[in-house]
Structure formats: structure tokens, C-alpha cells
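FYI, the numbering for the sequence shown is -21 to -1, 1 to 218, going by mature numbering (1 follows the signal peptide of the UniProt record, and there is no 0).
Backbone N, C-alpha and C define an ideal beta-carbon position, used for all residues, glycine too.
It should be emphasised that the depicted structure is a prediction, and the values quoted were computed from it without experimental measurement.
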Amino acid sequence: MLMQIASRILAILLCCASVLGDTEIINFVSDVHDDFSLNGISHHWPSINASSTLFTIKPESAYLPHSVRDTCRDAKAGECPHELWVALDLGDIQNRERIGFTLRASWPAHMPADFSLQLFSPSEVASAWNVTSSATANAPSRRQFARIRAKSKGILTPIQRPRTGDAESLASPEPEPVQFHLIVERLHFGLVPESLIPTIYTLIAVILSASAFVPYVYTFLAKTAEGARVELAQREKKL
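Put into C-alpha cells, the structure is as follows:
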């Protein structure tokens, strides 16, 4: 019974969060590899670790007939205004085991946009974009790169241009820039993000505390119900 109540409360909280914003999530596994110096591009890209970072991106127009996964397909790395490249500093190179992480992008629900998250190792970035790279000697790393792309999915009201003679022309408005939070977190047991651990501990504490009072509450209610039954039986006899 208590587990059902806790599950319903958690479901309600998750539903409320989904109303406030949209989220794109990708889970991945990281291992230790030789780091690469990507000449000419990576030093311009921002780097994040476990903390949440606020970014701004300009979504591609919703009128273009393709999905967000085809946005900036032919553009060179970092040269498309509708994408953002970010270096992920995953740390923990002492532990050589494969570690699970989750990358999450969250943005306001009133900004209608689709996001795409892709992950690349340093060597994959060098191969995909044909840039000069060199392995950094004796520098093991878990560093990976995230490619974030955005495409508007809202149908905006067209803008009316000034009159040119007797004709009027309509222009498709450019989507407004979207601010989004990007966070990378370690996954515990390959499933639970680190930020949810305090919430889980709180739920466990609430359930254990409530279970300690259940026997007393049950006894009290049982006595109350028994007293009510006796009183009803006595009234029926008098009638």
C-alpha cells in the first residue's frame, strides 16, 4: 500500500516537471582512451562537467522539410548556427572500468523545438570532420564531445513585409533563440542519475517512517470499527 502511494506521488511529480519543460536524454558508456588534440576546432568549444550549464542555440526553421537529425548535415564542425559542440569532461581516469553516464538537455515548454544529441570520441571527431589530430602522449582521458542540434517545431505567424508597389509579400519569421540547460551525470547501477539519489533516499526514509506507524494506526482503526459495530448492534436490539 505504501509503495503504491509513493509510486503515485513520484508519477505526479514527474508529470508536473514534464509540463514545465521538455527534455532530451541520451545514456552512454565511457571508457578510458588516449586523448587527442583536435587542431583548429576543439579549443573553441565549451567544456562541462557534472554541473548544469546554460547555453543558447538558434533552432532551424520549422518550414524546412526534414527532421532535426538532418539539420546541419553538410556543415563543417562548429560552423552551423543551429548546432553546438560541447566537450564533456567525464573525469575519473584512475578507474579503468567502463562507466555509465547520462547527458540531458532541458528547455522551456513554451519554446517549441526538437533537440538532437550525439556523442563522439576525439578520434571520431577528427575522422568525421577531417581535421588534423595528434594523440597526447601519456594523457589518458574519458573526454567525449556532444553535438547538439535544434529545429523549431512551432508554426509561427508570418511577418508582413513593407509594400512593394501593389504587391505584398510574406516572409517566414526566424525562430527565436532557445536557452537550454545541459548536464552530464554519472549513472549509478547503470540506471539511476546521481541527482536522483537524494530523492530516492528521501522516499525510502518516508516509507520506513510511515511503516513504523502503520501497526498503531491499523490497531486504532480496528478498535474504532469494532466499537462502531457493537454500537450499531445494540441500537438494532433496542429497535
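Check	Outcome
Round the Cβ separation of V171 and A29 to the nearest angstrom and send it over; I've been treating them as touching at under 8 angstroms.	About 15 angstroms; that fails the 8 angstroms criterion.
Assuming P177 is part of the alpha helix (DSSP H), what are its boundary residues?	I176 to K217
Is it buried or exposed for E62, if we count other Cβ within 10 angstroms and need 16 for buried?	buried
Quick one: is residue 219 buried, meaning 16 or more other Cβ sit within 10 Å of its Cβ, or exposed?	Any property of residue 219 remains undetermined from this structure, which presents the chain solely from -21 to 218.
Please check the pair A125 and L98, which I expect to be a contact at CB under 8 angstroms, by giving their CB distance rounded to whole angstroms.	6 angstroms
My guess is that D1 and A88 are in contact by the Cβ rule of under 8 angstroms, so how many angstroms apart are they, rounded?	6 angstroms
Going by beta-carbon coordinates alone, are I4 and R83 separated by less than 8 angstroms?	yes
In whole angstroms, what is the alpha-carbon distance linking H45 and I183?	46 angstroms
Pick from R75, C59, F80 and R214: whose alpha carbon is nearest that of D68?	F80
When DSSP labels each residue in this structure, what does E39 get in the three-state scheme?	strand
Just to confirm, are residue 230 and A129 a CB contact at a threshold of 8 angstroms?	Outside the shown range of the chain (-21 to 218) lies residue 230, about which nothing can therefore be said.
So, at 7 angstroms on beta carbons, what are the nonlocal neighbours of C51 in its own chain, with the 5 sequence-adjacent residues on each side left out?	C59, H61, E62 and R128
Are S26 and A66 touching if we call contact CB-CB under 8 angstroms?	yes
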